[in-house]
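Residue numbers (numbering that gives the first Met the number 0), protein chains in the order written: chain A, 0 to 357; chain B, 0 to 399.
Just so you know, even glycine gets a beta-carbon here, dropped at the ideal spot from N, CA and C.
This structure is a prediction, so every number in the text was calculated from the model and none was measured.
Below: the structure, in structure tokens.
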Amino acid sequence: MGNSLNAWSEALVGFNLLGLPLGLIILAAIPLVFIALYSLTYGVYGERKISAFMQDRLGPMEVGKWGILQTIADILKLIQKEDIVPTSADKFLFVIGPGILFVGSFLAYAVLPFSPAFIGASLNVGLYYAIGIVAIEVVGILAAGWGSNNKWSLYGAIRSVAQIVSYEIPAAIALLCGAMMAGTLDMQQINVLQSGAYGFVHFYLFQSPIAWLPFLIYFIASLAEVNRAPFDIPEAESELVAGYFTEYSGMKFAVIFLAEYGSMFMVSAIISVVFLGGWNSPLPNLGSLALNDWTNGPVWGAFWMIMKGFFFIFIQMWLRWTLPRLRVDQLMYLCWKVLTPFAFISFVLTAIWEIYVP
Amino acid sequence: MQELDTIGQGSVRVTRKSDKLVILEKDLATEQMVLAMGPQHPSTHGVLKLECLTDGEVITEAIPVLGYLHRCFEKCCENIDYPAVVPYTDRLDYLAGMNSEFAYALAVEKLLDIEIPRRAEFIRVIVAELNRIASHLVAIGTYGIDLGAFTPFLFCFRDREIILGLLEWASGARMLYNYIWIGGLACDVPADFLKRVREFVTYFRPKAVELQELLTGNEIFVKRTHGIGIMPADVAINYGWSGPMLRGSGVKWDLRRNDPYSVYPEIDFKVVVPDGKHSVIGDCLSRHLVRAAEMEESLKIIEQCIDKIPSSEGFNSRSAIPKRIRPKAGEVYSRAENPRGELGFYIESDGKSTKPIRCKARSSCFVNLSAMKDLSKGQLIPDLVAIIGSIDIVLGEVDR
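And the structure:
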């Protein structure tokens with residue numbers, strides 16, 4: 000079934016021009032282009048508007064109607080800026096840091112199923128790959144922080160590495176609960192298994208009485224993995240100025256910024272795929288009112304997937320503009336003494352549920 | 000405090016158990032790093048510089064470096080007439096200009112020994128208390144930012160804006176008022192001013208509760224401030240602390256009560272001290288709670304003043320202002336309760352000149368900040384930020 004759903008993308012893969020796998024390149028580029036557009040325009044604009052709404056402000060209003068072109072104006076400004084490399088910085092690391100960060104946050108998009116007919120690479124270890132590839136970001140952060148030759152950057156980088164590496168454990172175990180319910184690591188297959196006539200009832204979040212626990216654990220851990228509040232201690236602006244990107248300006252800063260928004264959508268997409276059915280419509284069939292059938296399909300799939308992603312991004316922003324920041328030791332306490340044990344508990348309980356309750 | 004002293008040696012690893020720092024390992028061979036925090040750091044509230052000696056994230060020593068905003072206030076005062084000092088006092092604690100003017104006016108009036116009209120006294124108290132609320136709103140809002148909560152800051156500024164609007168209506172300026180003059184006021188308040196102030200009081204009460212729910216109702220906020228930067232009452236007194244800082248340590252000391260001036264003796268209000276139920280007495284959370292509760296007390300004071308104020312009929316705000324201020328030879332020290340503590344003015348006159356021969360300001364935040372070295376020892380960098388925020392410094396007053 001999964002293969003037939005992939006027919007469209009596989010046809011594109013077969014498209015070669017002058018011996019070049021052009022179709023494959025286009026296929027890989029589409030999500031990136033979409034996400035880049037989303038990240039830069041709607042992500043940043045959305046964040047500014049949502050925070051403005053929460054804080055009794057208007058937010059950007061000048062450029063275009065309701066300021067919708069504000070981000071484009073910002074990008075144009077950032078492109079024109081001088082590309083400054085501090086004299087005392089380690090130039091190689093300083094330049095390569097944002098690049099690694101950017102690549103790390105976008106590599107996971109390859110395995111995200113955006114629609115029944117569209118996935119960059121339908122790996123049979125997709126989830127494993129998505130969990131693992133995030134760790135590349137750590138290298139970029141460390142390179143940026145160390146290469147800047149700035150004490151605040153160093154603090155930010157070291158905090159960040161400790162945080163991301165620690166939080167990968169509860170995050171991975173929580174995702175494993177979902178993988179256990181599916182019996183596969185293929186992200187497209189996980190979605191297919193959550194399809195059904197009753198819509199949201201088939202989602203893994205509602206398929207077992209303990210699924211909310213790994214869901215919650217992964218959501219919290221993913222906030223820490225992408226350095227969002229209340230876990231934004233690597234870039235804590237009131238403590239570490241701007242953390243590991245204190246010295247960056249111009250387009251390098253924009254790339255780091257873009258990577259952050261890219262990561263935000265990535266973790267939101269992963270949590271929707273594993274626990275909330277990814278591209279499946281949440282609407283159930285009600286007798287002759289076949290809502291589920293009407294709202295499923297390749298195009299609807301992309302719609303639901305993006306909507307679910309946006310929903311989690313909205314929650315991330317909501318939290319960011321509401322909560323204060325944790326302290327470093329409290330962050331580690333939360334990871335190792337709260338989230339990790341509960342992740343193990345949910346893992347065992349899910350295993351018992353899957354074995355004894357069919 | 001005994002345990003903390005050993006941390007000064009460096010090379011230790013500490014952890015925090017409930018309120019205490021527990022030393023895990025001693026004599027580790029780690030390298031200490033000198034970290035210059037400020038003067039352009041975002042959370043030193045201006046141009047304060049802290050030279051920190053850090054061991055990892057633990058501060059072994061933090062020394063405040065002052066003077067980036069020094070403007071020779073005291074020397075300037077020796078070269079200008081008494082009334083001309085008033086605008087300079089606005090620039091001391093620029094978040095509470097009315098209170099600074101009030102303190103200075105009180106000092107010179109004490110030197111001249113003059114009575115001012117009763118209505119002027121009430122207006123002074125009303126504008127000073129309004130400014131106290133505005134100042135506490137900034138303190139609470141920026142404290143939220145220091146801990147990473149951005150939204151309460153904008154809620155605070157939204158309400159502060161209304162106060163600034165009211166004060167601008169009365170005096171013509173938003174922050175640097177030059178409104179309270181020696182012997183009276185620059186002018187009477189506008190016709191509907193008191194009505195609008197009363198409207199503000201009814202508007203602000205629920206907003207203050209909402210603000211408190213957003214901050215102290217938040218688990219993370221409490222975790223970040225509870226038991227951090229504890230200052231015992233006796234040490235606080237020895238350091239000469241005053242204002243919300245001293246009251247946060249549990250000492251019931253408020254100059255409006257203990258050394259009353261103006262019309263404060265006629266007004267019923269509470270001196271707020273932490274009850275120790277929600278916070279450890281003397282920690283950052285206590286200071287925050289004291290400020291929050293003081294806003295409510297200020298609202299009460301304003302309401303009572305509006306009830307008691309004499310009508311404006313036949314009132315001339317400048318009736319008691321001397322034509323030429325030339326006090327008899329002598330010296331005076333007068334103090335007033337500012338949002339940040341005791342602001343005192345020591346003024347000396349030689350009896351011949353229209354200029355003070357010495358005018359010394361005893362600044363509240365400067366004295367409060369002097370305890371930084373004690374408070375910061377063995378804290379983590381995020382806690383240091385929390386402590387600076389709870390001291391609520393205004394560099395204009397620290398450096399003068």
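Taking 6 Å as the limit between beta carbons, can you name the residues of its chain near residue i, skipping five residues before and five after?
| i | result |
| --- | --- |
| V107 of chain B | Y81 and I181 |
| L245 of chain B | A235 and W252 |
| K48 of chain B | G37, P38 and V64 |
| A107 of chain A | A129, I132 and M265 |
| I305 of chain B | L193 and R197 |
| E396 of chain B | L91, D92, S362 and C364 |
| G144 of chain A | S152, L153, G155, A156 and Y243 |
| P283 of chain A | Y197, G198 and N291 |
Based on DSSP bridge pairs, tell me the residues matched to residue i.
| i | result |
| --- | --- |
| G340 of chain B | B:N337 |
| S159 of chain A | According to DSSP, which records beta bridges pairwise, S159 of chain A is partnered with nothing at all. |
| P63 of chain B | B:L49 |
| N284 of chain A | A:A289 |
| V85 of chain B | In the DSSP output, where bridge partners are listed per residue, V85 of chain B has none listed. |
| I179 of chain B | B:L184 |
So that I know if they touch, is there some Cβ in chain B lying closer than 8 Å to that of residue i?
| i | result |
| --- | --- |
| E238 of chain A | yes |
| R324 of chain A | yes |
| P380 of chain A | Any answer about residue 380 of chain A is impossible in this case: the structure gives chain A only from 0 up to 357. |
| R56 of chain A | yes |
| V327 of chain A | yes |
| M425 of chain A | The first residue shown for chain A is 0 and the last is 357, placing residue 425 of chain A beyond what the model contains. |
| K150 of chain A | yes |
| W317 of chain A | no |
| T183 of chain A | no |
| T349 of chain A | no |
| T321 of chain A | yes |
Measuring alpha carbon to alpha carbon, tell me which residue in the options is nearest residue i.
| i | options | result |
| --- | --- | --- |
| E160 of chain B | B:F220, B:L288, B:F72 and B:S134 | B:S134 |
| R227 of chain A | A:M316, A:L285, A:I189 and A:Y355 | A:M316 |
| K372 of chain B | B:V397, B:A360 and B:I387 | B:I387 |
| G261 of chain A | A:I312, A:V273 and A:A289 | A:I312 |
| K354 of chain B | B:S369, B:R195, B:K327 and B:E77 | B:E77 |
| G58 of chain B | B:T43, B:D187, B:K376 and B:R157 | Per the sequence presented here, residue 58 of chain B reads as Ile, with Gly not at that position. The candidate whose alpha carbon is nearest that of I58 of chain B is B:K376. |
| P243 of chain B | B:I390, B:F192 and B:K269 | B:I390 |
| F218 of chain A | A:G249, A:A143 and A:A173 | A:A173 |
| C186 of chain B | B:T88, B:R195, B:L166 and B:F203 | B:L166 |
| T412 of chain B | B:Q378, B:G329, B:R357 and B:I125 | This structure cannot settle anything about residue 412 of chain B, because the visible part of chain B is limited to 0 through 399. |
| D112 of chain B | B:R70, B:G329 and B:R256 | B:G329 |
| L92 of chain A | A:L57, A:I140, A:S50 and A:F101 | A:I140 |
| C358 of chain B | B:I280, B:V384 and B:S348 | B:S348 |
| E114 of chain B | B:L368, B:R399, B:R317 and B:R339 | B:R317 |
Which first and last residues belong to the alpha helix (DSSP H) in which residue i is found?
| i | result |
| --- | --- |
| A268 of chain A | G249 to F274 |
| S42 of chain B | Per DSSP, S42 of chain B belongs to no alpha helix (DSSP H) and is neither H nor E. |
| S134 of chain B | R117 to D145 |
| T203 of chain B | Position check: residue 203 of chain B holds Phe in this sequence, whereas Thr was assumed. Per DSSP, F203 of chain B belongs to the alpha helix (DSSP H) from F192 to L214. |
| A102 of chain B | G96 to L111 |
| D373 of chain B | M371 to S375 |
| I266 of chain B | From DSSP, I266 of chain B is part of no alpha helix (DSSP H); its letter is neither H nor E. |
| C71 of chain B | No alpha helix (DSSP H) contains C71 of chain B, which DSSP labels as neither H nor E. |
| S207 of chain A | Premise fails: S207 of chain A is in no alpha helix (DSSP H) and is neither H nor E. |
Please list, in chain order, all residues of the same chain as residue i whose beta carbon is under 8 Å from its beta carbon, the five residues on each side excluded.
| i | result |
| --- | --- |
| W151 of chain A | L239, V240, A241, G242 and T245 |
| P151 of chain B | I139, G140, G143, L210, L213 and L214 |
| T349 of chain A | C176, M179, M180, S207, I209, A210 and P213 |
| L325 of chain A | P229, F230, I232 and L333 |
| Y127 of chain A | L184 |
Note the first and the last residue of the continuous beta strand (DSSP E) segment covering residue i.
| i | result |
| --- | --- |
| C358 of chain B | R357 to R361 |
| S114 of chain A | P112 to S114 |
So is residue i in contact with chain A if we call contact Cβ pairs under 8 Å?
| i | result |
| --- | --- |
| L163 of chain B | no |
| P86 of chain B | no |
| G239 of chain B | no |
| M371 of chain B | no |
| G377 of chain B | no |
| A148 of chain B | yes |
| V384 of chain B | yes |
| S285 of chain B | no |
Taking 7 Å as the limit between beta carbons, can you name the residues of its chain near residue i, skipping five residues before and five after?
| i | result |
| --- | --- |
| I168 of chain A | T339 |
| I320 of chain B | W180, I181, G182 and G183 |
| I78 of chain A | M250 |
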